[in-house]
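Colleague: Sequential numbering from 4 applies to the sequence shown in our numbering.
C-beta atoms are modelled at their ideal positions from N, C-alpha and C, and glycine is treated no differently.
The structure's right below; bear with me while I get my questions together.
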Amino acid sequence: MKEKVEAVLNKVRPSLLADGGNVELVDVTADNIVHVKLVGHCAGCPMATMTLQMGIKKAIMEELPEIKDVVSI
Numbered sequence: 004m005k006e007k008v009e010a011v012l013n014k015v016r017p018s019l020l021a022d023g024g025n026v027e028l029v030d031v032t033a034d035n036i037v038h039v040k041l042v043g044h045c046a047g048c049p050m051a052t053m054t055l056q057m058g059i060k061k062a063i064m065e066e067l068p069e070i071k072d073v074v075s076i
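Structure follows, in structure tokens:
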């Protein structure tokens, strides 16, 4: 499952990198909760919550419907 999530993250990474940020996959739990960490400019950005919800989470859950949630740690 981690490989599938990483593949989706690779699709959204270019837009994050363009703004000086990035996302790291920390874990995918047994109950299909994805834990990510926003790094670089994304870590302190006031729009980080929007990026997580409308960008990263949306992309993952559209391509991998078995994922129940995506949370930032």
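Assuming Leu41 is part of the beta strand (DSSP E), what are its boundary residues?
Modeller: From DSSP, the beta strand (DSSP E) with Leu41 extends over Ile36 to Gly43.
Colleague: What is the C-beta distance between Val29 and Val42, in whole angstroms, given that I count them as a contact (C-beta under 8 Å)?
Modeller: About 11 Å; that fails the 8 Å criterion.
Colleague: Using the three-state DSSP reduction, which class does Glu69 fall into: helix, strand or coil?
Modeller: In this structure, Glu69 counts as coil in the three-state DSSP scheme.
Colleague: From the DSSP secondary-structure annotation, give me the bridge partner or partners of Asn13.
Modeller: Bridge partners of Asn13: none, in fact.
Colleague: Going by DSSP, what residue range makes up the beta strand (DSSP E) through Gly24?
Modeller: Gly24 to Val31 is the span of the beta strand (DSSP E), which, as asked, contains Gly24.
Colleague: Rank Thr52, Asp34 and Ala46 by C-alpha distance to the C-alpha of Glu27 and give the top, closest one.
Modeller: Among Thr52, Asp34 and Ala46, the Cα nearest to that of Glu27 is on Ala46.
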